[in-house]
Amino acid sequence: MFGLDKKDTKFLWIVIALTMLTPILLNPFPTDSGLAQFNAGYPALMQRFAIYGLMAIGFNILFGLTGYLSFGHAAFLGVGSYAAVWMFKLLSMNVIPAIILATVVAGLFALVIGYISLRRSGIYFSILTLAFAEMSYRLAYSVFTPITNGETGLQIKLDDPRVLDGAATDGALPVPGLFGLNMNSTYTVDLGAWSFDLNAGYYFCAVIAVLGFYMSLRIFRSPFGMMLRAVKSNQNRMNYTGLNTRPYTLAAFVISGMYAGLAGGLLAAMDPLAGAERMQWTASGEVVLMTILGGVGTLFGPIIGAGFIKYCENIFSKINENILHDWFSFLPDSLESVVVWFFARFVGEGWHLTLGVLFMLIVIFLPGGLVEGGQRIAAWYRNRGKSEDKATKQPAE
Amino acid sequence: MGILEVKGVNKRFGGLQALGDVNLSIKENTVHAIIGPNGAGKSTLLNCLVGKLIPDSGSVMFDGQSVLGRKPHEINQMGISRVFQTPEIFGDLSVIENVMIPCFAKRDGAFRMHAFETVAQEKDIVEQAEMMLADVNMLDKRNMHAASMSRGDKRRLEMAMCLVQNPKLLLLDEPTAGMARADTNNTIDLLKEIKEKRDITMAIIEHDMHVVFSLAERITVLAQGTPLVEETPENIKGHPKVREAYLGEAQV
């Protein structure tokens, strides 16, 4: 189905099911239980899962297939956000034209940056993309202030022209929507002690992310994807086989830039403002971390990586010392304060430390990322109970 | 007129004259060996033919067209394939994918964005690649990870990747360098087999005289960047100039 073989079709259905059930799966704890703070099923976070998952999928087409490590993908995210907000200001609050323009503008931007950066490979390519992204970030604060609104960030205003749906009259800022369906509208389902938020914005992002995933699946299985893997494997052989590597890498770069632009557009569609900090190098680094954490070159890895990082960012950072005191109140007072002091370094403001430790552990023990971890568990589970002479470890695909 | 005509090619690297006025003509459907001691300019000459280096002067005509100033992939598209000293294959890909890539290059040219077909749908290409693998007795290794194969198999795969494009000229850069005697003999047999099965022109750069005399129909001896003689193998043996060039390095 969908031009995929049986295994991939099944895989796609699993991904669709998981994305559609996310609001339920991520809220496993009853609302008033002590564990409710680990629930991640609230709209703003779920939207981030889908959006950054989409960005990581796109990044993986470049990094996972061709091996070119771009350190400037946040620039495309930022450009996409600005383009989308301008669409909200000038044309209409409908999200469709906004994300289309975001994708197109980011694609053109990627074409220019890629054309220049891809003259070099390896570390030089990474540095060039990093330099371009930092340049974009600085320019957004200075020269391009009329377009980006500098440090304040670009926002929608009541007196924006909005040619199609006109200026708002009731004095409230309009909300981005899809033909009348507001992105922030949420339908809350209460089931006993549980509560699930079905948010229009999340489902919009999820549908786009699934489409993005489907596209990437097709690229992975296509002759074009095979060529991209060949670029990573041996460029010399490619040249002497009659293939020009430059357009292949440029195409991969532009495609992944468009994914990032689309993600930026979706960020703006969920919350119509855009700031230059979205282009900062830390944001570029984040998508690299996501991809490596989940599993470079695997289809599903980047999505897991994105979810993992966004979960840490939003959940661990919410835990504060008071909560820790609650947890460890059973310990004797002197011991409790020591334990709380220790764990407090890893939560709240210190969540980066948790992420750093986890990242190191994963890179050292699971070079294939979280996907490799999953494969090892699956292999162990399958081999459990089988004859003992069989090797317990199966090679990760 | 040969299929490849090299006329008056010069190449300097700083103060070193790597190639000095090289003239070479390779006739269609022959196996032409280029031999010479270390530093004679064999590899430089080969790199000038495939577009890796550009000669300072002279002309290189292939099949009536100049190759000078063209990029390696353009020269390959003209019909020249190259086998490297150490096998250059796509190590991360499977064996069948390794052979399919040159098929795509031959059919679709230097670039095509076929992102919406699956590889499995390209039945012609799969079939073509499988036939090629059967030809070199590697069909049983079809789905193997290319990097995990033995060196001999990698060499065999690289040959298959070149041959599947039906090149007009196959360039081999020391195809047996560093090989054990048994592997060398296997390579010789493989090349002989290829030669019997199809009309192909081959140019071999080689150190190993055993390989040269088993395969070549014409031999050019290169010394200090200049061709000394061009002869049949029988006449090369014992040629005084050749002995002089090698200074007894190889007893021919």
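Taken in sequence, the protein lines are chains A and B.
Letter 357 of the first sequence, counting from 1, is numbered 759 in our numbering, and no numbers are missing.
Letter 97 of the second sequence, counting from 1, is numbered 103 in our numbering, and no numbers are missing.
Yeah, the Cβ is synthetic: ideal placement off N, Cα and C, and Gly gets one too.
Please list the partners that residue 407 of chain A has in chain B, where partner means a Cβ-to-Cβ separation under 8 Å.
Under the 8 Å cutoff, chain B gives 124, 126.
Three or more C-beta pairs under 8 Å: does that hold for the segment 168 to 185 of chain B against the segment 106 to 115 of chain B?
The answer is yes - the segment 106 to 115 of chain B touches the segment 168 to 185 of chain B, with three or more Cβ pairs under 8 Å.
Over what stretch of residues does the alpha helix (DSSP H) that includes residue 592 of chain A continue unbroken?
From DSSP, residue 592 of chain A is part of no alpha helix (DSSP H) but of the beta strand (DSSP E) over 588 to 593.
Taking its Cβ as the centre, do 16 or more other Cβ atoms sit within 10 Å of residue 767 of chain A, making it buried, or is it exposed?
Per the 10 Å Cβ criterion, exposed.
Cβ of residue 482 of chain A within 6 Å of any heavy atom in the ligand COA?
Of the ligands one can find in the structure shown there are none, so the ligand COA has no counterpart to examine.
Using the three-state DSSP reduction, which class does residue 793 of chain A fall into: helix, strand or coil?
Legend: pLDDT at residue 793 of chain A = 46, less than 50; position of this residue unreliable, value from coordinates given subsequently. DSSP places residue 793 of chain A in coil when its eight states are reduced to three.
For the 8 Å Cβ check, are there 3 or more pairs between the segment 143 to 151 of chain B and the segment 115 to 133 of chain B?
No, the segment 143 to 151 of chain B does not touch the segment 115 to 133 of chain B.
What three-state label does DSSP hand residue 258 of chain B in the structure shown?
Because residue 258 of chain B carries a pLDDT of 46, less than 50, the predicted location of this residue cannot be relied on, and no value is offered for it.
Do you know whose CA, among A:556, A:439, A:611, lies nearest residue 661 of chain A's CA?
Residue 661 of chain A has its Cα closest to that of A:611, out of A:556, A:439, A:611.
Answer yes or no: do residue 651 of chain A and residue 531 of chain A have a C-beta to C-beta separation smaller than 7 Å?
Result no, Cβ atoms of residue 651 of chain A and residue 531 of chain A do not sit closer than 7 Å.
If you measure from the beta carbon of residue 111 of chain B to each beta carbon in chain A, is any gap under 7 Å?
Yes - at least one Cβ of chain A is within 7 Å of the one on residue 111 of chain B.
Does the segment 620 to 636 of chain A come into contact with the segment 122 to 130 of chain B, if we say contact requires no fewer than three beta-carbon pairs (one atom in each stretch) closer than 8 Å?
Counting Cβ pairs under 8 Å, three or more are found: they touch.
In this structure, how does DSSP classify residue 245 of chain B when only helix, strand and coil are distinguished?
Coil, per DSSP.
Helix, strand or coil for residue 8 of chain B? Go by DSSP, reduced to three states.
Residue 8 of chain B: coil per DSSP, three-state reduction.
Just checking, does the segment 684 to 696 of chain A make contact with the segment 459 to 473 of chain A on the three C-beta pairs under 8 Å criterion?
Yes: at least three Cβ pairs fall under 8 Å.
Is there a Cβ from chain B that is less than 7 Å from the Cβ of residue 624 of chain A?
Chain B, which has a Cβ nearer than 7 Å to the Cβ of residue 624 of chain A, makes this yes.
Count the other CB atoms, across all protein chains shown, that sit within 10 Å of the CB of residue 599 of chain A; report buried if there are 16 or more and exposed otherwise.
Classification of residue 599 of chain A: buried, given that the 10 Å Cβ count is 16 or more.
Pick helix, strand or coil for residue 410 of chain A, following the three-state DSSP scheme.
Here residue 410 of chain A sits in helix by DSSP.
Alpha carbon to alpha carbon, what distance is there between residue 413 of chain A and residue 614 of chain A?
Distance between the alpha carbons of residue 614 of chain A and residue 413 of chain A is about 14 Å.
Does the separation of the CB atoms of residue 435 of chain A and residue 96 of chain B fall below 7 Å?
No, they are not a contact pair.
By the three-class DSSP mapping on this structure, what secondary structure does residue 648 of chain A have?
Three-state result, residue 648 of chain A: helix.
Pairs of beta-carbons, one from the segment 418 to 426 of chain A and one from the segment 439 to 457 of chain A, closer than 8 Å: are there three or more?
With a cut-off of 8 Å, the segment 439 to 457 of chain A and the segment 418 to 426 of chain A count as touching, because enough Cβ pairs lie within range.
Would you check if the segment 133 to 142 of chain B and the segment 53 to 73 of chain B touch, i.e. whether three or more CB-CB distances between them fall below 8 Å?
No, they do not touch.
Out of B:42, B:32, B:138, state which residue places its alpha-carbon closest to the alpha-carbon of residue 250 of chain B.
Considering only alpha carbons, the answer is B:42.
Can you tell which of A:727, A:702, A:482, A:776 has the C-alpha that lies nearest to the C-alpha of residue 550 of chain A?
That would be A:482, whose Cα lies nearest to the Cα of residue 550 of chain A.
Does the segment 501 to 509 of chain A come close enough to the segment 663 to 670 of chain A to have 3 or more Cβ pairs within less than 8 Å?
Yes, since at least three Cβ pairs between the segment 501 to 509 of chain A and the segment 663 to 670 of chain A fall closer than 8 Å, the two stretches touch.
With DSSP collapsed to three states, give me the class of residue 521 of chain A.
Three-state DSSP puts residue 521 of chain A in coil, outside helix and strand.
Going along chain B in order, which residues have a C-beta closer than 7 Å to the C-beta of residue 632 of chain A?
Simply 96, 99, 107.
Give every residue of the same chain whose Cβ lies closer than 6 Å to the Cβ of residue 534 of chain A, excluding the five residues on either side of it in the sequence, and list them in chain order.
Result list for residue 534 of chain A: 474, 515, in chain order.
Looking at residue 228 of chain B and residue 40 of chain B, is the spacing between their C-beta atoms short of 7 Å?
Result yes, Cβ atoms of residue 40 of chain B and residue 228 of chain B sit closer than 7 Å.
Give the single residue among A:406, A:681, A:606 whose Cα lies nearest to the Cα of residue 479 of chain A.
The candidate whose alpha carbon is nearest that of residue 479 of chain A is A:681.
Does the beta-carbon distance from residue 206 of chain B to residue 178 of chain B come in below 7 Å?
Contact: no.
By how many angstroms is the C-alpha of residue 781 of chain A removed from the C-alpha of residue 791 of chain A?
The predicted model places residue 791 of chain A with a pLDDT of 47, which falls under 50 and marks its position as unreliable; any figure quoted below should be read in that light. C-alpha separation (whole angstroms): 15 Å.
Can you confirm whether residue 256 of chain B, when its beta carbon is compared against all beta carbons of chain A, has any partner nearer than 7 Å?
With a pLDDT of only 49 at residue 256 of chain B, under the threshold of 50, the placement of this residue in the model should not be trusted, and no figure is reported.
Is it the case that the Cβ atoms of residue 638 of chain A and residue 94 of chain B are separated by a distance below 7 Å?
It is a contact, given that the beta carbons lie within the stated cut-off.
Whose C-alpha, out of B:213, B:157, B:208, B:12, is nearest the C-alpha of residue 188 of chain B?
If we check each option's Cα against that of residue 188 of chain B, B:157 comes out closest.
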